[in-house]
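Residue numbers (this note's numbering), protein chains in the order written: chain V, 1 to 335; chain R, 1001 to 1349. Here a beta-carbon is modelled for each residue, glycine too, at the ideal position from N, C-alpha and C.
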Ligand SMILES: Nc1ncnc2c1ncn2[C@@H]1O[C@H](COP(=O)(O)OP(=O)(O)OP(=O)(O)O)[C@@H](O)[C@H]1O
Ligand SMILES: [Mg+2]
């Protein structure tokens, strides 16, 4: 065995031979000295073969799990009540929008898109999309998806904008937050779900709500911070020279001037919520994602395709409406 | 307070920029120069022992080349920049001892500011920009709006109230900047290279506008410029700054006639002395006009006299008080006038 000599040299063979693990590596069974070509990397499993006292990788992962399970009750007792309102909001929005008759909700949504975008073209895209979804009976799924996105986006803005403002005011806080935001943005979306599944009940809406918010909040935080930092220094100096308080500066100068950037962040946040709400169907998020999942699990190609197309329609609607609103703000800021 | 009293007093002011100004402060000594200080400590000595009194109702012009510390100095007056050491008094009150609330009040009520790059709020209309100072004070009513409209009209922007800054030319934007400062109704107006970004013609008209306003308003104006002609046109009191220290300060006419350093002599080489020097500055005191061929007003420039008495090379003129034409305050010979036009020899090295 390749690395036994290390433990012998350290005089630890005693400690090692305490109990030999139930599994032996192949080379150990054949009692051959491995050639240099076959020399394995001294990984946990290899070292375990040489010395049974070294934990194997699966002992290590099991320990991680045990550790997590150990702190779980404490974490839960804090996080559960804190996040409970999220479940209520998601449930409430889902019930409200799904229960509302289509002939009220769809015109309302078309009207809202017209008011936000000031564009008949965008409003008609929304109208046609909904007529299609109604026609193929995916309307209810689409509304579920939209409800979840709505709640999550509102919360992302409610928490993300103040966070971004705080970052813009303190370089130290910014430097502390950037790695966190980088991590949230680069973690593969599936990885979010793992700790959350352990932490919460899989049937609770807040499970997918949190996954979506954690993933989608990043752009609105980043762009709020950036937008405020980009406000002209001369303008900030001028309003200081005229005696505005920090609060007056924030609400009358910094936020209005950062608004185009903040809105660009909101647009990205919406699109990322949509991406995540589809994946979150794995953890019982209702909506079009469940149809995609059904298509994958049961090899129902047609269902998967049609649901995918529905998601594309929703993406187009959300993008067009939010971009048109952004363009409007941009324009009024420049003239 | 009466006109001419000391409104703002700057005393022993030092400003050091760098990583640790406090630690190198004790390496300052009388007469140290900016470059030497940089080499020894790695810190920028932006202001080096500044002492200036700025008088009520006067325009104090601070002139210097780029990097001489003008912006740094003017920003100490309303404490946009904190000094390394020294004192600033407004109406005898220590500005540096003020807490945050008192300082904010000073900025809202006692000092307004006009900026080189205008620094208007791009998302607000001209009117909403102008109303900034009353707004900061919490006065949002009709009275504040009327005040803003009044000053906008006064600087020639009537009818532009609902435009946005980006729709205006540079000159008009700075008129908004001026109206914004005037609307605050502060006694003191700080102007940091307020006209430097404008075309020469517009610049001249802005200078004229400022002088015209000043005749009525008698504000205490601190005006920063790197342009000698502008400084001479506007200044009641001229402060010449170089590398953070004051080379010479005083009546601009006096500085022209009696430059105290080589630096000033070089600076005034190329100006048009006939257009800048006033009769009053070169006359000898006298009380009667006996033997004089004509009476001229004290604030006339030499150019005007030469123009109106074309060809004359001799004769004595009586000089009258600019504020009271009947009162004789001195007399001047034509040959003195011509002599004053000649650039003085460099006295300093
Ligand atoms: N924040 C700062 N940090 C370090 N050095 C500074 C800072 N601000 C100004 N300085 C330095 O202080 C000196 C004076 O600068 P200041 O801006 O007051 O000059 P100025 O006379 O206004 O020049 P300009 O005509 O270019 O506006 C310069 O040498 C400049 O480099
Ligand atoms: Mg400057």
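Is DSSP giving residue i helix, strand or coil here?
i                       : result
residue 169 of chain V  : helix
residue 1149 of chain R : helix
residue 1093 of chain R : strand
residue 1290 of chain R : coil
residue 126 of chain V  : helix
residue 1013 of chain R : strand
residue 1188 of chain R : strand
residue 1158 of chain R : coil
residue 1194 of chain R : coil
residue 1035 of chain R : helix
residue 201 of chain V  : coil
residue 1117 of chain R : coil
residue 1076 of chain R : helix
residue 138 of chain V  : coil
residue 119 of chain V  : coil
residue 1029 of chain R : coil
residue 1070 of chain R : helix
residue 21 of chain V   : For residue 21 of chain V, the predicted structure reports a pLDDT of 48, less than 50, and the residue's modelled location is therefore unreliable. The matter cannot be settled from this model.
residue 1330 of chain R : strand
residue 1134 of chain R : helix
residue 1018 of chain R : coil
residue 1200 of chain R : helix
Assuming the contact rule is C-beta atoms closer than 8 Å, residue i and residue j should be a hit. Round their C-beta distance to whole Å, please.
i                       : j                       : result
residue 282 of chain V  : residue 146 of chain V  : The pair is not a contact, with the Cβ atoms about 19 Å apart (cut-off 8 Å).
residue 1060 of chain R : residue 1239 of chain R : 7 Å
residue 1241 of chain R : residue 1070 of chain R : 6 Å
residue 1316 of chain R : residue 1333 of chain R : 5 Å
residue 321 of chain V  : residue 122 of chain V  : 6 Å
residue 258 of chain V  : residue 116 of chain V  : The Cβ separation is near 19 Å, so there is no contact.
residue 288 of chain V  : residue 315 of chain V  : Wrong, their Cβ atoms sit about 11 Å apart, outside the cutoff.
residue 1108 of chain R : residue 67 of chain V   : The Cβ separation is near 58 Å, so there is no contact.
residue 200 of chain V  : residue 206 of chain V  : 6 Å
Output the boundary residues of the alpha helix (DSSP H) element that contains residue i.
i                       : result
residue 1307 of chain R : 1302-1308
residue 45 of chain V   : 44-50
residue 236 of chain V  : 233-241
residue 66 of chain V   : 57-99
residue 216 of chain V  : 205-229
residue 1065 of chain R : Note, residue 1065 of chain R: premise wrong, no alpha helix (DSSP H); not H, not E.
Please classify residue i as buried or exposed, where buried requires at least 16 other C-beta atoms within 10 Å of its C-beta.
i                       : result
residue 1352 of chain R : The shown model of chain R, from 1001 to 1349, leaves out residue 1352 of chain R, and the question about it has no answer.
residue 1339 of chain R : exposed
residue 1151 of chain R : buried
residue 1004 of chain R : exposed
residue 1064 of chain R : buried
residue 1021 of chain R : buried
residue 317 of chain V  : buried
residue 1203 of chain R : buried
residue 254 of chain V  : buried
residue 61 of chain V   : exposed
residue 1345 of chain R : exposed
residue 1111 of chain R : buried
residue 1287 of chain R : exposed
residue 1019 of chain R : exposed
residue 58 of chain V   : exposed
Is residue j closer than 9 Å to residue i when the C-beta atoms are compared?
i                       : j                       : result
residue 1199 of chain R : residue 1171 of chain R : yes
residue 163 of chain V  : residue 83 of chain V   : no
residue 1271 of chain R : residue 1229 of chain R : yes
residue 1294 of chain R : residue 1318 of chain R : yes
residue 1074 of chain R : residue 1246 of chain R : no
residue 1165 of chain R : residue 1121 of chain R : yes
residue 55 of chain V   : residue 69 of chain V   : no
residue 1296 of chain R : residue 1279 of chain R : yes
residue 227 of chain V  : residue 202 of chain V  : no
residue 217 of chain V  : residue 309 of chain V  : no
residue 1188 of chain R : residue 1130 of chain R : no
Comparing the CB of residue i with every heavy atom of ligand 4, is any distance shorter than 8 Å?
i                       : result
residue 1017 of chain R : Ligand 4 is not part of the structure shown, which contains ligand 1 and ligand 2 as its ligands.
Please report the residue range of the beta strand (DSSP E) in which residue i lies.
i                       : result
residue 1055 of chain R : 1044-1055
residue 1245 of chain R : 1245-1250
residue 1280 of chain R : Per DSSP, residue 1280 of chain R belongs to no beta strand (DSSP E); it is in the alpha helix (DSSP H), 1279-1282.
residue 15 of chain V   : That residue, residue 15 of chain V, is in no beta strand (DSSP E); its alpha helix (DSSP H) goes 13-16.
residue 377 of chain V  : Nothing can be reported for residue 377 of chain V: it is not among the residues displayed for chain V, which extend from 1 to 335.
residue 1242 of chain R : 1237-1242
residue 1225 of chain R : 1220-1225
residue 1318 of chain R : 1316-1321
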